[in-house]
Each structure stands twice: as structure tokens, then as C-alpha cells.
Amino acid sequence: MPDQRKKGDHPAQPATKKGKRKKGRISRKRKWFYGLFFAGALAVVAGIVGYLLVILNGERILAANKDVLSLTEASVVYDSSNNKIASLASVNRQNAEFSELPQKLREAFIATEDKRFEEHSGIDMLGIGRALVKDVIARSAKEGASTITQQLARNLFLNQDKTFFRKATEASIAVALENQMTKDEILTMYLNRIYFGNGIYGVKLAAKYYFNSSLEDLKLWQMATLAAIPKAPSYYNPKDDIERSTQRRAVVLSLMNDQGYITQEEEDQAKAVVYKPPGEFNSGSDRNKFLTYVDYAVKEAMQVMDMSEDEIRLGGYKIYTSLNATAQQTIEDEFDDDSNFEKSPDEQKQQAAMVIMDHSDGSIKAMIGGRDYVRKGLNRVTVPRQPGSSFKPVTVYGPALETGDYTPGSILRDDKKCYGSYCPSDSNKNKYIGPVSMSQSIMESRNASAVWLLNEIGVGKGVSFSGKLGMPLDKDDRNLAIALGGLSHGVTPLQMATAYSAFANDGKSVDAHTIVKIVDHSQETRYQYAAAKPKQLMKEQTAAYMTELLQGVVGPGGTGRGAAIDRPLAGKTGTTQHGISGLKSSYNRDAWFVGYTPEWTAAVWMGYDKTDKEHLLKKSSSAAAALFSKVMTKAMKDVPKGSFGKAPSEPTPTPPAADAPEQVKNLTGSYDPNQMLVSLRWTPVEGDGISYRIYRKDSSQAEFSRALDSAAAGSADDMSVAPGMSYEYYVTAYNSESGLEGPPSARIAIEVPAVEISPSPTPSDDGWNDGSGEGNEGGNNGNGNGNGNGNGNGNGNNGNGNGNGNGNGNGNGNGNGNGNGNGQGGGQQGGEPTSQPTPTPTSTPADAGGTGSGDGAAGTSSAGDAAALPSVPAESTGP
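If you want it as C-alpha cells, here you go:
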């Protein structure tokens, strides 16, 4: 191709190496510039995004845990005298308001924990930089560099692990806290949250614990001492180590001086003070005291306040209760005394529960849910068990009296009888006696007459009456077994105490409760107990009659006499059979005593949580009655004594109505030492439907009370007398058809002599074993000893034998029967034995009371040992 360049043009020259190098350098600079620019922009964007993520993460955590930001404080429970008995929180803390925090105290913590607290926004970047350098050198995340806000965030939401992830989360929460709260709010929350050792949380309680001081009275050296503790609470608190605490205090004071909060003189003076621990400190944290009562009160507070348990326990409330400290401490002490309970064959203890309440207003005075009760444990006061005969007043006698057709003197039938397939049985100590008064039936806890009475009034009345008293029965309970406390599900001690409270409260309902009022941290009353208008659950006459009947139960001859205390008392025992198939034993599953004085009502239950052949009660209801007596005697020592008032069936001085029975005439009486009873006789009153009421008082009583009733025309036996006592009696006639009672008879007095036991010249047994023995053959003085109950017999001439007690023998030889025993003795000159008539007993008590018949090998006795009180039928058990 021809060259087209013009003339004069320079020929083309190749590019030089120098030009190429220059162009390359410009290109590389541009790349570096753009790279740095984009990297910087990316870093800025990443930083902004990271910051936003931190903020958003912290905000998210706060939003999900709003309740955590509220300053929780232990609620406190008080007794009826406004004394603190328990703190409810799991930690011991008292909160302070910002206005309560002295300025120097705030400055001490700021100087020590976060000197740039007022400047940063939750994160101290300079501190973080310093911490990062040290972490890199140490190749771990050891340095803290946490601000006060970060420490609060950790305390609220996180653990104490020092990981980069935890620190990032902590920082995010700290920033969020700074966005939502003021510095004053953050510092106040921090000082209320931090731990000061020895179970103490918050600076307010720490001031009390370490110095017995309020916040406003703290000295500078004390403030510095408190500010020194949070770095290592168990290491720097002054009670555990004064020297280390003093050294750390000096560091705090130096920091305060360096930052201009105090002068050098103030620093020196505060350093020089020597710490002296205060006296015993009561923070109100005795969380192991009166646990049953406190747990029950918390549940009640949850109901009346409609709050969760945590809200009640941590809400800073003051919960005022009706607890009587004397009564509660008495229950606690008696339940700690093992002698009040039967010994178990293994680690499963015999258990018990008891509740005491004031039946005038339903306030619960004391309560214990078992032996060795633990917080939130099994409260047996609210656990249903079979009530046995303690239920008879609820389903039998109460509803019968309520009909108006029956009174305590009404005659019932006590016969062995079946009702269809149901055949109730009585204790083998209760013999069927046919006609029996209601008062005697309940006093001796007779089963047959109770079932007969329920059958007469109808099961429906018993079910209805139980429901009125707060114990609705199951549909399967509509049968005669409820007369003896045989229920499908049982009832609780609290229900029983509430039911008996109605008897004690003139038939009016009571609302069992523990809480009087609840006050919040601002002293505003959030709840005040207001009793509902009481309902008349039964006639006042019914309640009065029931009190009269139940007083007989705890009197001489009653099944509940072991519950007697030094004030008027009415009550009822109860036991239930073990119900274990194939086990032939008289041991029981449950034992009860429910009773009331004119002031308080209480219920005691005893038994095992798990009943089997090895875990049964041997002492029946006597142990429950004895425990009731012990507790109530001590618990009520400061309670003024009242009285039940005059029973409605007692005779009044007003003239009887025209158709009332005539006055009983010719009342006489005598004491029978052989049977140990007082026999009363009188001239019968003419008329239909006439029965008799026997009134009695002993030498220790000021007023007469009805002792027994009799359907017999002109006679009655009082078998509940005691040796060494004197008694007065009078009798009235009662017309069951008209319900009218005649005027009192003339009074008579009977002395019951004290019994002395004559010492036996030779050792012998107690007279309860079968006697045996043969006289020595030969001579006129053969001798033999027969121990048993009966008469000594012998044959022969010119001899006699003496049986110590009420037995005589004739013949050659001596026979001694100790305790109405029999001695057989034969001498050489005796003939064949012949039966001899039993001599008439003398009026003087024998050495070992009772009469008998038979020979020394098979004697029997009707009264037993004269040194003991007469045998009284023990309480029967339900099916």
C-alpha cells in the first residue's frame, strides 16, 4: 500500500519504556484510591448497620422483658400484732428511691465503677479500647471495662460469663437502657440491684446490715465501704474481712479525691475509721418461720388480688394477717415434740395437721400442715381424709335437732340392726343397750343409735345439713354410712373447723381467712377484708343444743375427755378403721378431734400419708384429743375466758307450764363400791312420753350440767363418777310429746370414797389372771394361792379360808385369791368340795374391787382393779 504521509511529516516512532511506566503508576493509584474509598464507605455503612443492629437488638430484648425493669422488692407478712414474721422473696432486698440516695454515696459508686457515667451513652469507648488492648495481650476476654449501665444490663438479663458475644449483647442492652431511662433512673436501679454479700441485695438493706443505719445517716467512710463491696462481695465486705474491706475502702476514697468529689482531709479522716460490726440484724428474711401459714396466706393473696405468685412475693406488699404468734409458735413446738406422736417402724413419720380459728369472725389464728413442713409442701390442713365419728354432729345430730322433733334428751334406739345390706357395728366396748338418750349416744360415740337416727330423719337431711356447713357431699354419699363419716372423698381439717365454728357461733356461717389487709410500697391499701353478712345456717336452738351435747363428750365418761382444758370446751372425737383387706386389727387409719371453746375452734387430724399394715394408728382418737389439749392450753393462755352461757335444756326458775310434767319426788341415791357407780332412785311421774334428765355437779364445779338421761321409770345409774369426789344431783321429768320439762327435784349429795390399795403380804399378780393352787396336804394349815376373779371354796371342818377381796371359803386350810381371786385349799381332814353360795358384798370397797364367782382357775370380775378408774366405753369406729 502506498505511503500516504505528506511531505514534511515525521515518520512514526515506537513508544518508549518511560512513558509506559508513568501511565501504569497513575492507574495503580486510582485503583488504590477507589479501593480505599469503597472500603471506607463499606466500613462506615457496616458501622452504621452494626450500630443499628446493636440498638435494635437491645430494644428487642427490653421489649420482650418489660417486667424485668420493674424494681422488685420482697413482700412482707405480718401477724395480728403487726410484727413481721416472713419475707417472701427468694432474695433479700429493699428498694430505695433516688431522693433517698445521698449525693456522696452516688459519687462514691460513680468514682469507683464508672467515672465517665455522666458522659457516655451506655458504652465507654475509651474503656473498651483499653480493655481490647489488654484482651489482645492476654489472648482472652478478661478485661471488663463495663459501665454502670452495662453492669445493670448484665444483672437484669445476662450471666457473668466474659465472652465477646455476651459483651456485645450487654452493650446493646446498655445502649437501649440509656435511650429509655434517665441517668438518675439507671443509677437508682443499679444501686437497688447489686449484690453486697451475705444474702443482701440493694444499698438500702446493705446500710442496715453492715452499719445498722439508714441511707440518710451514712457517714463518708461507710459510703466508701459500701462502694468497695460490689467488685468482690464475698471478699471485700467488712463483716467477713475487716482488713481487706479497709484496704479497698482506701482505694475508693482515693478515687473520689482524684475526681474532685472529696478533699484530702475528708479522705484521710474516712480512711482512719475502724469498722465495728453492729449487733444482731433482723432483715425480716426469716423465710423458714411459720411456713404453712405463710404459704396459705400467699395463696389467699393471689386470689383476692388476682395476681401470680411472683407478683405477690416480689411486689413489695405488706400483707397483714390474723396470725396469733403465741398460738402458732405453740403448734410448731408441739409438732416438733416426738413424744406427741407414735413411733413409726421406718422413716415414714406419723403425720398430723391442725388449724385454729376465731369462730366469731372466721380469722385463722394458727395452722400447721404437718411435721417437718417445708415451704410449698403438702398442707394437710387442706387435704381431705375420712372423718369418722367426728362427722356425726354434721350428718346426724345436727340435722335431727334442726327438725325440731328431737332434743338432747330424746330417746333413740341402740340395737344391732341391718338396713338392707348395710349392717353397722359398734366397738366391742360398746354393748347394745336398747333405748338410749341422744346425749348418752353422742357422749359414748355409739354407732347403732346414730345410724338409727339418720334413718329416722332421712339421709337427705344429713346430706343437706352437711352442704350448708360447707361440705357438699358426693352423689355416692347418699347412704346411711355418712352417719359414721364414711365418705367417698373425705373432708379437710379446715372444713371441719369451719363447720364446728357454726355450732360455736350460734348457728351462723363464718368465712375462714388469714388476710386482714394488703398495702403496697406507696402505703396505699390494695385490699381490705370485709366479711360478708353471715348466714343463719341453723336455728340458734340447734347450735345451743349441739354445744350442750358436745360438752358431754369432753366431760367424765365421754370419749373426748382427754381433750379437756382449763376453760369450757365442746368437741367430738373421730376414728376410721384401717380398711385393709385380710388384716384383723383394731388399729386405725385416721384419728380426729374437733372442738371449740367460747372463743376459738380447732381441728386436729392424725394419720399416715400412706397407710399400710405397718403404718396404722394404735392410740385411736385419744392421741388427737391429747394434742388438742396441749396446744389449746398454751395457745390460749392470754385469751380471756368466756362461757357458753346457759344451755337451752337446763331448767329455769320460771314456773312450768300447766301441762308440764310434775316435779320428781323422793329422789334417793347411793354409791355401789363393787360396780363403782352411783345408783339413783325416785318415784315415777305419771303421764305418757315421760323420760328423765339427771343433772349433776361435782365438788370442783360451780353449776349443774346435764349428765345423762333415762327412759327407765324411776331409776338411773351414773357410771362416770371418780373416787374421792363428791357429787350433787337433781332430776327432772321431760315430756317428749310436748317438749316441756318439769321443775327440778330436791337435791341430794353423794360421796364417792377414795380407794386405798391394801398391800399384799406376799407377791401376787394384779388379779386379772386365772387363779390356781392346791393346799398342802396334811395338818390343819394347808395353804395355797389362787390368783383370779371369783370365790375361794373349800371343804372340811373347823377351818376357814379367806379370799382377799369379796370371796370367802370354808374348810381346813387357807386359800388366798388376790384381786377377787379364788383359793382352793384342802387339808387332811377336809371332805369333798361342795359349792358354796357367794356372800353378799359389803358396803365397804374391797382391796381389789369387784365381785365374782367360780373357782380359782376360772374366776371372772365385773369391775376390775379397784385402784383404777371405772372402764368407760372407748369410741367406736366407722365402717
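Okay, so the sequence shown: first residue is 0 according to numbering that gives the first Met the number 0, each after it adds one.
We treat Cβ as the ideally placed atom computed from N, Cα and C, and that holds for glycine.
Considering Cα atoms alone, identify which of the options is closest to residue i.
i	options	result
residue 477	461, 467, 488, 469	461
residue 291	87, 737, 613	87
residue 382	495, 481, 288, 695	495
residue 288	556, 568, 78, 238	78
residue 391	451, 474, 690	451
residue 429	417, 448, 592, 400	448
residue 588	615, 672, 562	615
residue 421	446, 470, 511, 404	446
residue 628	375, 565, 340	565
residue 82	385, 319, 202, 366	319
residue 219	238, 234, 345, 263	263
residue 611	577, 705, 345	577
residue 722	709, 681, 675, 736	675
residue 531	120, 550, 510, 443	510
residue 619	590, 634, 644	590
residue 537	680, 744, 500	500
residue 469	489, 74, 97	489
residue 738	151, 362, 396, 410	410
residue 705	306, 41, 549	549
Helix, strand or coil, according to DSSP, for residue i in the structure here?
i	result
residue 219	helix
residue 232	helix
residue 189	helix
residue 304	helix
residue 735	coil
residue 608	coil
residue 357	strand
residue 275	coil
residue 544	helix
residue 85	strand
residue 250	helix
residue 262	coil
residue 729	strand
residue 740	strand
residue 324	helix
So, for residue i: in the same chain, excluding its five sequence neighbours on each side, which residues have a beta-carbon less than 6 Å away from its beta-carbon?
i	result
residue 534	508
residue 727	696, 746, 748
residue 719	555, 556
residue 525	517, 519
residue 139	Confidence at residue 139 is low in this model, with a pLDDT of 47, below 50, so its placement is unreliable and the value that follows should be read with caution. Taken in chain order, the list of residues that qualify is empty.
residue 194	200, 232
residue 603	353, 592, 623, 626, 627
residue 761	The pLDDT assigned to residue 761 is 37, lower than 50, so where the model puts this residue is not dependable, and the model offers no usable value.
residue 632	564
residue 115	123
residue 261	255
Would you say residue i and residue j are within 9 Å of each other, going by their C-beta atoms?
i	j	result
residue 669	residue 678	yes
residue 328	residue 364	no
residue 223	residue 107	yes
residue 384	residue 606	yes
residue 431	residue 404	no
residue 596	residue 568	yes
residue 110	residue 258	yes
residue 570	residue 598	no
Per DSSP, residue i forms a beta bridge with which residues?
i	result
residue 669	678
residue 434	412
residue 879	In the structure as shown, the chain begins at 0 and stops at 878. Residue 879 is therefore absent and cannot be evaluated.
residue 592	572, 603
residue 966	A query on residue 966 cannot be resolved here, the shown segment of the chain reaching from 0 to 878 and no further.
residue 528	Looking at the DSSP assignment, residue 528 forms no beta bridge with any residue, so it has no partner.
residue 620	DSSP lists no partner for residue 620.
Can you list, in chain order, the residues of its chain with a C-beta nearer than 8 Å to that of residue i? Leave out the 5 residues immediately preceding and following it.
i	result
residue 302	none
residue 481	390, 394, 453, 458, 461, 462, 465, 472
residue 373	290
Can you give me the Cβ contacts of residue i inside the same chain, cut-off strictly under 7 Å, excluding the 5 residues immediately before and after it?
i	result
residue 238	197, 209, 276
residue 119	146
residue 243	234, 235
residue 491	380, 381, 382, 383
residue 294	374, 375, 378
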